[in-house]
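Letter by letter, the sequence shown follows residues 4 to 317 in our numbering.
Just so you know, even glycine gets a beta-carbon here, dropped at the ideal spot from N, CA and C.
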Amino acid sequence: MRDRWQGARPQFKFLKSVGMDFLRAWEKFFFEADAREQLRLFRPLFASVLFVAYVLRAMDSEFYYGLNGVMDLEKLAENFPAEYRWSFLIWFPSAVALWIHTGVFLISLITLGLGKFPRLSAAVAYLLHVSFMHRNMAVVYGFDTISVFFLFYLIFIKIDEEAARKKSSDWSSILTSAGFRMCQIQVCVIYAFSGWEKLKGVIWWRGEALWTIFNSQFARFRWDQVSHLPLLITVLTYGTLLWEIYFPVCIWSKKMRPYVLLGGVLMHLGIGFIVIIPFFSALMITSYAVFLTPAEARAVLRRFPRYFSSNTQG
Numbered sequence: 004m005r006d007r008w009q010g011a012r013p014q015f016k017f018l019k020s021v022g023m024d025f026l027r028a029w030e031k032f033f034f035e036a037d038a039r040e041q042l043r044l045f046r047p048l049f050a051s052v053l054f055v056a057y058v059l060r061a062m063d064s065e066f067y068y069g070l071n072g073v074m075d076l077e078k079l080a081e082n083f084p085a086e087y088r089w090s091f092l093i094w095f096p097s098a099v100a101l102w103i104h105t106g107v108f109l110i111s112l113i114t115l116g117l118g119k120f121p122r123l124s125a126a127v128a129y130l131l132h133v134s135f136m137h138r139n140m141a142v143v144y145g146f147d148t149i150s151v152f153f154l155f156y157l158i159f160i161k162i163d164e165e166a167a168r169k170k171s172s173d174w175s176s177i178l179t180s181a182g183f184r185m186c187q188i189q190v191c192v193i194y195a196f197s198g199w200e201k202l203k204g205v206i207w208w209r210g211e212a213l214w215t216i217f218n219s220q221f222a223r224f225r226w227d228q229v230s231h232l233p234l235l236i237t238v239l240t241y242g243t244l245l246w247e248i249y250f251p252v253c254i255w256s257k258k259m260r261p262y263v264l265l266g267g268v269l270m271h272l273g274i275g276f277i278v279i280i281p282f283f284s285a286l287m288i289t290s291y292a293v294f295l296t297p298a299e300a301r302a303v304l305r306r307f308p309r310y311f312s313s314n315t316q317g
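Here it is, written out as structure tokens:
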């Protein structure tokens with residue numbers, strides 16, 4: 004028995020070494036990422052997209068969220084029953100409360116974009132955004148849901164230049180690194196689920212799915228002429244499907260990453276042009292900032308110093 008144990012020791016040492024290397028790589032990936040440049044680019048862009056979307060909604064806030072709007076409290080409970088739903092706008096349904104809620108939310112997005120009190124700003128924006136969603140689920144779509152994820156992860160993020168220079172491993176840097184990685188993983192999860200869910204649809208297997216988008220009630224223009232290009236529709240349908248399914252894998256390849264991101268930009272620009280959901284397209288393109296290298300993000304920041312100069316710290 005002892006001889007057998009002695010003979011197995013090299014294998015155990017090898018497995019232990021592999022395990023320790025994996026844990027070290029895991030720790031370095033999640034908790035030691037230096038993503039200052041990418042986050043300095045992503046955070047103000049994301050806050051700006053959300054800010055503009057809610058400014059436009061604020062013009063009809065009484066219609067969307069008011070007591071006499073399209074979704075009063077009785078209709079809300081009847082059409083969207085949820086035992087644990089909460090919203091400040093349900094607890095305080097007055098018009099004054101609605102405008103205070105909107106004002107505080109917009110201010111939190113401004114301070115988030117400027118990097119002022121970033122974690123507090125993200126937490127306030129997160130709570131108020133969810134509050135808006137719970138008040139009227141009828142207007143919620145992918146843009147709102149995905150924004151919840153990013154706002155939550157931004158609660159953990161603070162760009163600390165001094166700690167980064169000192170190679171500090173304090174809790175602030177660890178949380179920032181984890182928040183950054185979760186933003187990346189979230190984008191991968193979104194595309195993976197979107198692609199695999201599409202496989203359940205017969206029209207995707209037939210290569211006809213893109214025609215339903217061109218011919219939908221949300222299309223910006225009439226696209227009847229596209230029906231005469233079945234090959235184009237089939238190529239775009241299968242191309243979209245393959246791109247979404249393989250995004251979570253290919254995005255981590257240095258050689259393939261630029262082409263994957265370019266494909267995503269073109270796809271979402273096309274979606275934004277064809278269908279009336281520009282903010283969803285803008286949000287997804289903005290999320291690609293977290294996949295840039297520090298040098299690439301720095302180049303963008305230097306290209307537009309006026310817009311990002313105040314966001315170097317915080």
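The Cβ neighbour count for Phe17, taken over all protein chains shown within 10 Å, is under 16; the residue is labelled exposed.
DSSP links Val278 through a beta bridge to Ala222.
For Leu235, the closest of Ala100, Ala300, Gln220, Trp214 by C-alpha to C-alpha distance is Trp214. The beta carbon of Val142 sits closer than 7 Å to those of Tyr67, all from its chain and outside the five residues before and after it, given in chain order. If you compare the alpha carbons of Tyr57, Phe250, Met185, Met136 with that of Trp89, the shortest gap goes to Met136. Note that the C-beta distance between Leu44 and Leu272 is not below 7 Å. Taking C-beta atoms under 8 Å as the contact rule, Gln41 and Ala292 qualify, at a distance of about 6 Å. Between the alpha carbons of Ile158 and Ala126 lies a distance of about 6 Å. With respect to the 7 Å criterion, Gly204 and Thr237 are not classified as neighbours on the basis of their beta carbons. Across the structure, Val107 and Gly118 are spaced so that their CA atoms are roughly 16 Å apart. With a cutoff of 7 Å on beta-carbon distance, Phe146 and Phe283 are scored as near each other.
If you draw a 10 Å sphere on the C-beta of Ala128, you find 16 or more other C-beta atoms in it, and that means buried. Trp174 counts as exposed, since fewer than 16 other beta carbons sit within 10 angstroms of its beta carbon. Nearest to Leu79 by alpha-carbon distance, out of Leu295, Ser64, Arg138, Trp29, is Arg138. Secondary structure of Ser134 (DSSP, three-state): helix. Taking C-alpha positions only, Ile162 is separated from Ile110 by approximately 20 Å.
With fewer than 16 other CB atoms across the displayed protein chains lying within 10 angstroms of its CB, Met62 is exposed. In the structure shown, the three-state DSSP call for Ala85 is coil.
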